[in-house]
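Numbering (the working numbering), first residue to last: 28 to 300.
By construction, the Cβ of each residue, glycine as well, lies at the ideal position given by its N, Cα and C atoms.
Just below is one structure, and these are the notes that go with it.
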DNA sequence: ACCTACCTGGCC
DNA sequence: GGCCAGGTAGGT
């Protein structure tokens with residue numbers, strides 16, 4: 028489900044609920060989703076939330092005792108808040124019991140999501156986190172262009188790579204490529220300077236639009252309070268294989284790049300300059 | 001740069 | 001039954 032805009036949407040709803048609240052206990056129904064579940068259960072008890080942050084598709088809940096809870100929703104994960112008295116969701120995997128009878132639920136049909144507890148001061152040493160590039164919506168144009176010049180390969184592969192910039196997945200890659208007017212199979216090295224700038228602006232605009240629309244709800248993304256996003260109603264190419272381009276009415280093409288379905292408009296998205 | 005595995009559910 | 005799915009890690 029979630030890419031940067033979906034995680035950001037979740038973050039915005041989560042922050043006011045968690046700040047100054049306290050974890051009372053954790054129920055781990057799927058231990059394989061948690062790094063050292065016994066430790067998490069033991070250490071988190073009674074800790075107050077100091078801060079809630081995001082980088083790329085990761086969420087960070089900074090706690091007292093200089094500990095950070097790291098969450099990644101992967102493909103089908105989502106966070107929900109409910110009262111103890113309210114009915115369970117269908118795929119609750121981990122429950123964080125908070126004060127005031129609230130439960131923060133990590134819901135995830137496919138159980139691919141991951142949670143771990145890590146010292147706040149050493150996050151930059153975390154084996155997965157240390158590989159991440161800058162957050163895709165915060166990166167400056169200057170930094171983006173510099174990082175781009177160090178990369179080879181095709182546009183789609185580079186955008187999906189979290190060590191280039193963090194937060195872009197399959198939906199927003201295809202959308203950003205469309206917005207930039209560039210064929211996702213183009214090689215980085217073949218881009219002119221104006222195409223590189225256009226690429227940067229398209230990425231930022233595409234992610235901002237996703238956030239403004241509170242995320243893309245294709246099959247199962249819902250916000251913290253169970254509300255779907257609206258971005259699925261205005262996608263240019265993602266999920267529209269074989270349909271007509273909304274801009275020029277050409278039939279959209281599709282192929283697989285890096286084992287991911289890729290859709291683009293052969294007329295609006297240029298192959299070579 | 002490419003696989004494949006990890007899981008479950010929905011759809012044909 | 002087979003194929004597909006918003007992601008990442010770990011292998012060659």
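### Beta-bridge partners of residue 263, as assigned by DSSP
For the purposes of this step, residue 263 is taken as the residue at position 236 of the first chain. Answer by DSSP bridge pairing: none, since residue 263 is not bridged.
### Query
So does the stretch 167–182 actually touch the stretch 226–235, counting three or more Cβ pairs closer than 8 Å?
yes
### Task
Confirm, please, whether the CB-CB distance from residue 30 to residue 198 is below 8 Å.
Locating residue 198 in the first chain gives position 171, counting from the first residue. Locating residue 30 in the first chain gives position 3, counting from the first residue. Contact flag set, yes.
### Query
Taking only runs of the alpha helix (DSSP H) that begin and end inside the stretch 107–194, which ones reach a length of at least 4 residues, in chain order?
168–176, 182–187
#### Entry: Classification of residue 217 by the beta-carbon crowding that lies within 10 angstroms, buried from 16 upward
Here residue 217 refers to the residue found at position 190 of the first chain. Answer is exposed; the Cβ neighbour count stays below 16.
### Whole-angstrom distance between residue 81 and residue 214, CA atom to CA atom
The sequence position of residue 214 within the first chain is 187, counting from 1. The sequence position of residue 81 within the first chain is 54, counting from 1. Rounded to whole angstroms, residue 214 to residue 81 spans 30 Å at the Cα level.
### Query
Residues bridged to residue 282 by DSSP?
As a first step, residue 282 must be located in the first chain, where it is residue number 255. Paired residues: 289.
### Query
Three-state secondary structure (DSSP) at residue 89?
Along the first chain, one-based indexing puts residue 89 at 62. Note: residue 89 maps to strand in three-state DSSP.
### Message
In whole angstroms, give me the CA-to-CA distance for residue 238 and residue 259.
### Response
In the first chain, counting from the first residue as 1, residue 238 sits at position 211. In the first chain, counting from the first residue as 1, residue 259 sits at position 232. In a straight line, the C-alpha of residue 238 is about 12 Å away from that of residue 259.
#### Entry: Candidates 268, 219, 166, 276: closest to residue 234 by CA position
Here the question's residue 234 lines up with position 207 in the first chain. Ranking the options by Cα distance to residue 234, first place goes to 166.
### Task
Report yes if the C-beta distance between residue 89 and residue 77 is below 8 Å; otherwise report no.
In the first chain, counting from the first residue as 1, residue 89 sits at position 62. In the first chain, counting from the first residue as 1, residue 77 sits at position 50. Taking 8 Å as the Cβ cut-off, residue 89 and residue 77 qualify as a contacting pair.
### Query
Which two residues bound the contiguous beta strand (DSSP E) that contains residue 77?
By one-based count along the first chain, residue 77 stands at place 50. Element bounds for residue 77: 76–82.
### Message
Given this structure, state the Cα-to-Cα distance separating residue 272 from residue 265, to the nearest angstrom.
### Response
Counting from one through the first chain, the residue named residue 272 turns up at place 245. Counting from one through the first chain, the residue named residue 265 turns up at place 238. Rounded to whole angstroms, residue 272 to residue 265 spans 11 Å at the Cα level.
### Task
Report buried or exposed for residue 43, applying the criterion of at least 16 other Cβ atoms within 10 angstroms of its Cβ.
Residue 43 sits at position 16 when you count from the first residue of the first chain. When all chains shown are included, residue 43 counts as exposed.
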